[in-house]
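Undergrad: Encoded as structure tokens, here's the structure I'll be asking about.
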Amino acid sequence: TQLLEQSPQFLSIQEGENLTVYCNSSSVFSSLQWYRQEPGEGPVLLVTVVTGGEVKKLKRLTFQFGDARKDSSLHITAAQPGDTGLYLCAGSLSNDYKLSFGAGTTVTVRA
Amino acid sequence: DSGVTQTPKHLITATGQRVTLRCSPRSGDLSVYWYQQSLDQGLQFLIQYYNGEERAKGNILERFSAQQFPDLHSELNLSSLELGDSALYFCASSATSGRSNEQFFGPGTRLTVL
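Here the protein sequences come in this chain order: A and B.
Position one of the first sequence corresponds to residue 130 (our numbering), numbered consecutively onward.
Position one of the second sequence corresponds to residue 60 (our numbering), numbered consecutively onward.
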């Protein structure tokens, strides 16, 4: 059983549409990261959130950390083909040094 | 470019063999993490070293071992290889092992066991 559940598993949309990816858990995290991974390459860190209710924006990407620090969402506005990739959420539990990763959401943006 | 380097990029070997994967962390980072990524398991944490000392262990098999050297580079040793060990192996580094735990990943080593 994954500590972090991501949904949906796959998402295929047309260029210009919006999308949201969810990351949920029953556990409380001291921090949560979002990564994007291209095939055959290492995950690239997009953002870190540490405070419940925190919202961070990175150009067309908006990240939100739930008030209870158990869930997070990634929203992409006006998606572009360059946004295609595997999006992974990862969290650290309190007093735990390791990152636990969700299974990922594969996003495909069609031109 | 994350600043984390891994060698080799690809490794093809036979069952029963032993291989060593190498990682150099970002300049100044003291923590090194190893992960295994396979199609059916996703990214799985293996082990963490902080400034030369083992800090945390995850789902690492007894056939696997790692170490971090005084210059902070790390090696992951995989022995008695099995077909199921074929996967992408990633190294990540972070400045500390603290709360925010931002990790920066290397490009990975693709291991194929035939």
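Yeah, the Cβ is synthetic: ideal placement off N, Cα and C, and Gly gets one too.
1) Determine the contact status of residue 154 of chain A and residue 133 of chain A, defining contact as a CB-CB distance below 8 Å.
2) Any beta carbon from chain B within less than 8 Å of residue 214 of chain A's own beta carbon?
3) Closer than 8 Å, CB to CB, is residue 195 of chain A near chain B or not?
4) Going by Cα to Cα distance, which pick from A:214, A:211 and A:161 is closest to residue 223 of chain A?
5) What residues from chain B crowd round residue 172 of chain A, counting only those whose CB sits closer than 7 Å?
6) Drop a sphere of 10 angstroms on the beta-carbon of residue 219 of chain A, count the other beta-carbons inside from all chains shown, and report buried for 16 or more, exposed for fewer.
7) Round the Cβ separation of residue 146 of chain B and residue 170 of chain B to the nearest angstrom and send it over; I've been treating them as touching at under 8 Å.
8) What does a CB cutoff of less than 8 Å around residue 72 of chain B pick up in its chain, not counting 5 residues either side in sequence?
9) Under 7 Å Cβ-Cβ, which residues of chain B neighbour residue 230 of chain A?
10) Taking contact to mean 3 or more Cβ pairs, one atom from each stretch, closer than 8 Å, check whether the stretch 134 to 143 of chain A and the stretch 115 to 125 of chain B are in contact.
11) Sorted by chain position, which residues of the same chain lie with C-beta nearer than 7 Å to residue 261 of chain A's C-beta, five sequence neighbours on each side aside?
12) Looking at the ligand ZN, does it come within less than 7 Å of residue 169 of chain A, judged from the CB to the closest heavy atom?
13) Run through the stretch 66 to 151 of chain B for me and flag every whole alpha helix (DSSP H) of 4 or more residues, listed as ranges in chain order.
14) Along chain A, in chain order, which residues have C-beta atoms closer than 9 Å to that of residue 167 of chain B?
15) For residue 211 of chain A, does the three-state DSSP call read helix, strand or coil?
16) Please say whether residue 153 of chain B and residue 99 of chain B have beta carbons closer to each other than 8 Å?
17) Buried or exposed, going by whether 16 or more other CB atoms sit within 10 Å of the CB of residue 239 of chain A?
18) What first and last residue would you give for the beta strand (DSSP E) that runs through residue 180 of chain A?
19) Strictly by DSSP, which residues pair up with residue 193 of chain B?
TA: Looking at the coordinates:
1) For residue 154 of chain A and residue 133 of chain A, yes; Cβs fall inside 8 Å.
2) So, not an interface residue.
3) Interface flag for residue 195 of chain A against chain B is unset, since no Cβ pair is found closer than 8 Å.
4) The candidate whose alpha carbon is nearest that of residue 223 of chain A is A:161.
5) What residue 172 of chain A touches in chain B: 164.
6) Classification for residue 219 of chain A: buried.
7) With 8 Å as the limit, residue 146 of chain B and residue 170 of chain B qualify as a contact, their Cβ atoms being about 6 Å apart.
8) Within the same chain, residue 72 of chain B has close Cβ partners 78, 140, 170, 171, 172 and 173.
9) Within chain B, the residues near residue 230 of chain A are 101 and 102.
10) Touching, no.
11) One cannot answer for residue 261 of chain A here, as it falls past the ends of chain A, which runs 130 to 240.
12) What this structure holds is no ligand at all, so the ligand ZN is not there to describe.
13) Listed in chain order, nothing qualifies, since the stretch 66 to 151 of chain B has no complete alpha helix (DSSP H) run of 4 or more residues.
14) What residue 167 of chain B touches in chain A: 169, 170 and 171.
15) Helix.
16) With a cutoff of 8 Å on beta-carbon distance, residue 99 of chain B and residue 153 of chain B are scored as not near each other.
17) When all chains shown are included, residue 239 of chain A counts as exposed.
18) According to the DSSP assignment, residue 180 of chain A belongs to no beta strand (DSSP E), since it is labelled neither H nor E.
19) Coverage of chain B is limited to positions 60 through 173, which leaves residue 193 of chain B absent and any answer about it impossible.
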